[in-house]
Amino acid sequence: MTGFSSPLLFERYELKFLIPIDLVDEISQFVEIYCVLDPYSDREPDKFYKVNNIYLDSPNYLFLQRRLAGIDHRFNMRIRSYGDIPSFPYFCEVKHKTMGIVKKRRAKIFEENWAKIFSGGDIIAPEDTAVWEDSKDYKNHFLRLAFLHNAQPKIFTQYRRKAYASVVDDYARVTFDRDLRYERRETYDLSPAEDGLTHYDNPEKFDPETNIIMELKCTTQVPKWFLDLIQTFQLTRTSFSKYVTGIQEILDERRLLCHDRVISRVDLI
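If you read the sequence shown in this note's numbering, its first letter stands for residue 57, the second for the next number, and so on.
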């Protein structure tokens with residue numbers, strides 16, 4: 057039986073599905089036989105809470121290139137916070153994917169000046185935050201990769217999530233993500249900038265008729281009720297990366313802007 061504390065290191069399968077919003081309530085009723093809402097969802101009136109992320113990549117977008125090439129043993133790096141107004145702890149996360157299995161390492165951050173670690177400084181956690189010591193190795197793992205690849209912030213993403221945690225399995229979660237937005241960001245700032253956020257509404261990559269991302273997450277032992285859920289609602293597994301989709305939109309916009317500048321210069325000649 058699972059608890060509410062989020063592990064700092066785990067391996068799991070992640071199954072993604074794009075569903076219409078009309079199915080969220082029906083699937084939620086099915087899921088509630090086996091799960092309860094996690095604390096973040098439970099405290100929200102509509103059960104959806106905000107997730108804020110900064111994704112990092114190398115100057116030549118190595119992480120993106122490896123993902124697009126379908127290379128195994130790939131990973132991405134992000135810094136995450138929760139809520140309308142981000143509050144500590146923040147989480148430095150590295151997600152490795154190998155042979156379909158995701159391994160995630162996360163370190164908690166409690167210090168206001170947390171961004172200094174990326175300019176050679178360090179973080180001193182409050183004395184009562186023993187969890188920081190437990191996650192020190194994962195913090196160092198994150199920093200090693202960041203410095204090795206010269207990884208810097210590239211994009212900020214935000215979405216609203218409804219999450220369930222199983223009460224009958226060692227580890228199983230069901231999440232629904234909606235209202236996905238992004239913006240180009242090159243600073244270590246997890247505060248949403250409402251005026252600058254753009255919706256993921258490119259119909260070639262994100263069908264507006266099925267604009268809810270549902271994920272089933274579990275250990276290598278897939279619960280039978282996951283299979284029953286998929287069969288009951290006739291779901292088809294898909295792939296969707298918030299980072300890849302958002303950063304491709306940003307890069308396309310930059311290419312278009314550069315093209316327009318070239319055209320303008322030609323017109324002036």
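Think of the CB as a built atom: it goes at the ideal place given N, C-alpha and C, for glycine as much as any other residue. This one's a predicted model, so the numbers in the text were calculated from it and none came from an experiment.
query                                                                                                    : result
Nearest neighbour of residue 305, chosen from 239, 141 and 74 [CA to CA]                                 : 239
Straight-line Cα distance separating residue 165 from residue 66                                         : 18 Å
The segment 264-281 contacting the segment 103-116, beta-carbon criterion three pairs below 8 Å          : no
Counterpart residues of residue 152 in DSSP-defined beta bridges                                         : 131 and 159
Counterpart residues of residue 107 in DSSP-defined beta bridges                                         : 138 and 215
Terminal residues of the beta strand (DSSP E) in which residue 225 lies                                  : No beta strand (DSSP E) holds residue 225; DSSP gives it neither H nor E.
Cross-strand partners of residue 67 (DSSP beta bridge)                                                   : 159
Residue burial classification, residue 290 (beta-carbon count within 10 angstroms, cutoff 16)            : exposed
Touching by the beta-carbon criterion (3+ pairs, under 8 Å), the segment 197-205 and the segment 72-80   : no
Environment of residue 157 [buried if 16+ CB atoms lie within 10 Å]                                      : exposed
Buried versus exposed, by CB contacts within 10 Å (16 or more), residue 172                              : exposed
Residue 233 burial status per 10 Å Cβ neighbour count (16 or more: buried)                               : buried
Identified DSSP bridge partners for residue 255                                                          : 237
C-alpha distance - residue 241 paired with residue 128, whole-angstrom precision                         : 27 Å
Close Cβ partners of residue 119 (< 6 Å) along its chain, the five nearest in sequence each way excluded : 113 and 132
Residue range of the unbroken beta strand (DSSP E) whose run includes residue 273                        : 268-274
Range of the contiguous alpha helix (DSSP H) that encloses residue 80                                    : 78-87
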